[in-house]
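Remarks on the structure that follows.
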Amino acid sequence: MFRSITKNIFKKSFRPSRLIYTPFRGIKLHEYQAVQLLKKYDVPVPHGQLATTPKEALTVAQSIYEMTGTGAVVKAQILGGGRGKGHFKENELQSGVHVAKNPKDAKTIAKHMLGFSLVTKQSGHKGLKVNSVYLVELLDIQKELYLAFALDREASAPVLVYSPAGGMEIEDIAIDTPELIFKEHINENSGFTDEQIERIVKNLSLEDHHDETAKAIQNLYTC
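Below, the structure is given as structure tokens:
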């Protein structure tokens, strides 16, 4: 998902002669694997756990409910993006991301996902088989942001692409309001400067959470 969205934003937001997208060949991670990696670098992530059967989904959802008092989000695990707007080929279930208000709902949702093919914009008409689901705590989302790291080959430097307008419509935002897409080149030896961090925090309108945001961005880059 990251590679495809970033690639499309680059095409639509920046001059091709200036920024060249280079994929990370051979690196493909499921969401749950990426979360495990982020946790190692102290990047804040929601509590979650993997399940490969409906029964496991029930157990995990019960654990999340007991720990947080909230429902759970059941997320189909495939190596591709667009899950939220996808559909399952063999049944009528729409979307690969569903909110389960209670553990029983989580089990039912998982039953309709596991073993079936999720069709998305990136998967092709055959879809991708779902062998596992990732259940995470249900959070009260107040705002969605977008951040992505890539390589600017012409500048011979990594670059952070970010926007205060995140969510599933990020590609549309890149077309309709490109002024909301920002970028910062990074010195690979010294990392972000203090000035860059201040600018990023301001552009994301996160001044009230300055220290947490700065730490998360630094840790994301280290990761």
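Residue numbering for the sequence shown follows full-length UniProt numbering, starting at 1 and increasing by one per position. The C-beta atom is built at its ideal place from N, Cα and C for all residues, glycine as well. Note that the coordinates shown come from a computational prediction; the quantities given were computed from them, not determined experimentally.
In angstroms, rounded to a whole number, what distance separates the CA positions of Ala61 and Asn189?
43 Å
Once you ignore the five residues that flank Glu90 on each side, which residues in its own chain have a CB closer than 7 Å to its CB?
Phe116 and Ser117
Limits of the alpha helix (DSSP H) - the one that residue 224 falls within
With the chain covering 1 to 223 only, the question about residue 224 has no answer from this structure.
Using only alpha-carbon positions, find the residue among Phe149, His209, Tyr134 and Ile217 that is nearest to residue 230.
Any question about residue 230 goes unanswered here, given that the chain covers just 1 to 223.
Taking one C-beta from the region 143–159 and one from the region 100–116 each time, how about it: are there three or more such pairs within less than 8 Å?
no
In whole angstroms, give me the CA-to-CA distance for Ala157 and Pro103.
46 Å
Given this structure, state the Cα-to-Cα distance separating Val159 from Lys75, to the nearest angstrom.
29 Å
Tell me which residue opens and which closes the alpha helix (DSSP H) that Pro158 is part of.
Unbroken run through Pro158 is the beta strand (DSSP E), Ala157 to Ser163; no alpha helix (DSSP H).
Quickly, what does DSSP pair Gly48 with across the bridge? List them, please.
Val136
Leaving out the 5 sequence neighbours to the left and right, which residues in its chain are closer than 7 Å to Leu139 when beta-carbon positions are compared?
Pro46
Would you decide whether Ile200 is buried or exposed? Buried here means 16 or more other CB atoms lie within 10 Å of its CB.
buried
Anticipated Cβ contact below 8 Å, Leu114 with Thr193, distance rounded
No, Leu114 and Thr193 are not in contact; Cβ-Cβ is about 47 Å, not under 8 Å.
Are the region 80–100 and the region 32–41 touching by the rule of at least three beta carbon pairs closer than 8 Å?
no
Cβ of Leu204 within 8 Å of Cβ of Tyr162?
yes
Quick one, which of Ile186, Val73 and Lys28 has its alpha-carbon nearest Arg153's?
Ile186
Pairwise C-alpha distance: Val133 and Phe149:
26 Å
What's the C-alpha gap between Thr59 and Tyr65?
10 Å
Drop a sphere of 10 angstroms on the beta-carbon of Glu92, count the other beta-carbons inside from all chains shown, and report buried for 16 or more, exposed for fewer.
exposed
Alpha carbon to alpha carbon, how far is Ala155 from Met67? Give it in angstroms, no decimals.
47 Å
Going by CA-CA distance only, name the one from His87, Gly167, Glu171 and Phe182 that's closest to Gly124.
His87
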